[in-house]
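So the structure is just underneath, and the comments pick up after that.
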Ligand code: 0L1
Ligand code: MG
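Numbering (this note's numbering), first residue to last: 317 to 578.
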């Protein structure tokens with residue numbers, strides 16, 4: 317690690333305050349160019365501890381930048397991992413307040429809930445498939461705290477991978493009933509198709525994102541507990557939204573998820 321605990325805590329407070337006040341900031345590597353991956357995840361952990369200390373529950377884990385479309389859109393080459401909190405959750409079909417956010421974008425995600433713990437190293441698609449309880453669709457609303465979504469990977473990890481809101485909808489299905497690779501997804505904004513993809517857009521198989529997450533946590537002495545909700549990452553590029561926009565995402569075999577931005 318390159319940063320001391322006081323700096324980690326200061327940067328966590330800086331980024332979380334930007335999130336809660338819906339105010340953009342410059343990427344933190346501008347001031348801390350030597351920070352390393354451990355520092356970045358330590359800042360994210362400190363943000364999580366701040367939320368949990370206030371009584372906000374961590375209700376899921378997320379993989380981000382797992383599709384080639386998203387990597388290309390953001391000019392990066394590897395996935396990142398974060399968490400979602402209870403206050404970020406919104407009901408299917410609900411209104412989402414734009415004034416609480418900076419410059420939100422929506423992502424269509426295939427999500428899973430586990431029924432057995434997963435601990436890396438060595439997790440692979442097979443071990444993940446055996447540990448999935450059920451599959452369900454969600455839309456993630458990302459909202460980087462960095463001005464104009466301009467960041468590098470360490471800055472974005474520190475910023476909890478732009479986590480902001482999420483909407484679970486549709487219907488859950490047993491994983492045996494689905495082919496996660498060919499599962500089609502169509503994202504519409506105001507009735508117009510904006511993007512479409514299949515599950516294989518996520519690292520060849522959405523379960524591969526969960527395996528990467530388990531191996532990432534394993535390297536840090538942690539595991540994915542049974543009963544964890546995991547967002548595997550946007551299947552398409554992220555779509556910007558503004559007040560008045562209606563989003564509907566249709567998932568093959570999993571129903572749809574919708575929301576309106578106000
Ligand atoms: O969930 C995601 O894919 C977001 C990863 C962070 C980068 C971004 O804000 O696009
Ligand atoms: Mg995402």
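Glycine included, C-beta positions come from ideal geometry on N, C-alpha and C.
(request) For the alpha helix (DSSP H) holding residue 331, just list the boundary residues, first then last. (result) 321 to 336
(request) Please work out which residues of its chain come closer than 7 angstroms, Cβ to Cβ, to residue 559, disregarding the five sequence neighbours upstream and downstream, and give them in chain order. (result) 414, 577, 578
(message) Does residue 333 pass the burial test, meaning 16 or more other C-beta atoms within 10 Å, or should it be called exposed?
(response) exposed
(request) Tell me, please, which residues DSSP counts as bridged to residue 462. (result) 341
(request) Tell me whether the beta-carbon of residue 544 lies closer than 8 angstroms to the beta-carbon of residue 376. (result) yes
(message) Give the list of continuous alpha helix (DSSP H) stretches no shorter than 4 residues that lie fully inside the segment 439 to 507.
(response) 441 to 447, 469 to 474
(request) Pick helix, strand or coil for residue 526, following the three-state DSSP scheme. (result) helix
(request) Could you check if residue 476 is buried or exposed, using at least 16 other CB atoms within 10 Å of its CB as the buried criterion? (result) buried
(request) Please find out if some non-hydrogen atom of the ligand MG comes closer than 7 angstroms to the beta-carbon of residue 515. (result) no
(message) Can you find the residues in the same chain that come closer than 6 angstroms, C-beta to C-beta, to residue 556, ignoring five residues on each side of it along the sequence?
(response) 421
(request) Hey, could you find the ends of the beta strand (DSSP E) residue 378 is sitting in? (result) 374 to 380
(request) Given a cut-off of 8 angstroms, decide if residue 372 and residue 403 are closer than it, judged by their beta-carbon atoms. (result) yes
(request) Can you have a look at residue 337 and say buried or exposed, based on whether 16 or more other CB atoms are within 10 angstroms of its CB? (result) exposed
(message) I need the residues with a C-beta less than 7 angstroms from some heavy atom of the ligand MG; please give them in chain order.
(response) 378, 380, 423, 425, 456, 458, 547, 549, 550
(message) Which runs of the beta strand (DSSP E) at least 3 residues long sit entirely within the segment 354 to 433? Give them in chain order.
(response) 374 to 380, 396 to 401, 421 to 430
(request) Answer yes if the segment 422 to 435 comes into contact with the segment 496 to 516, meaning at least three C-beta pairs across the two stretches below 8 angstroms, and no otherwise. (result) yes
(message) What does the alpha-carbon distance come out to for the pair residue 492 and residue 457?
(response) 28 angstroms
(request) To the nearest angstrom, report how far apart residue 533 and residue 436 are at their CA atoms. (result) 7 angstroms
(message) Comparing C-alpha positions only, which one of 573, 507, 467 sits nearest to residue 392?
(response) 467
(request) Examine the Cβ distances between the segment 479 to 490 and the segment 443 to 463 and report whether three or more of them are shorter than 8 angstroms. (result) yes
(request) Specify, as a first and last residue, the run of the beta strand (DSSP E) that residue 567 falls within. (result) 562 to 567
(request) Report the option in 317, 563, 465 whose CA atom is closest to the CA atom of residue 351. (result) 317
(message) Using the three-state DSSP reduction, which class does residue 542 fall into: helix, strand or coil?
(response) coil
(message) Whole angstroms are fine: how far does the CA of residue 319 sit from the CA of residue 409?
(response) 43 angstroms
(request) State yes or no: is the C-beta of residue 469 within less than 8 angstroms of the C-beta of residue 396? (result) yes
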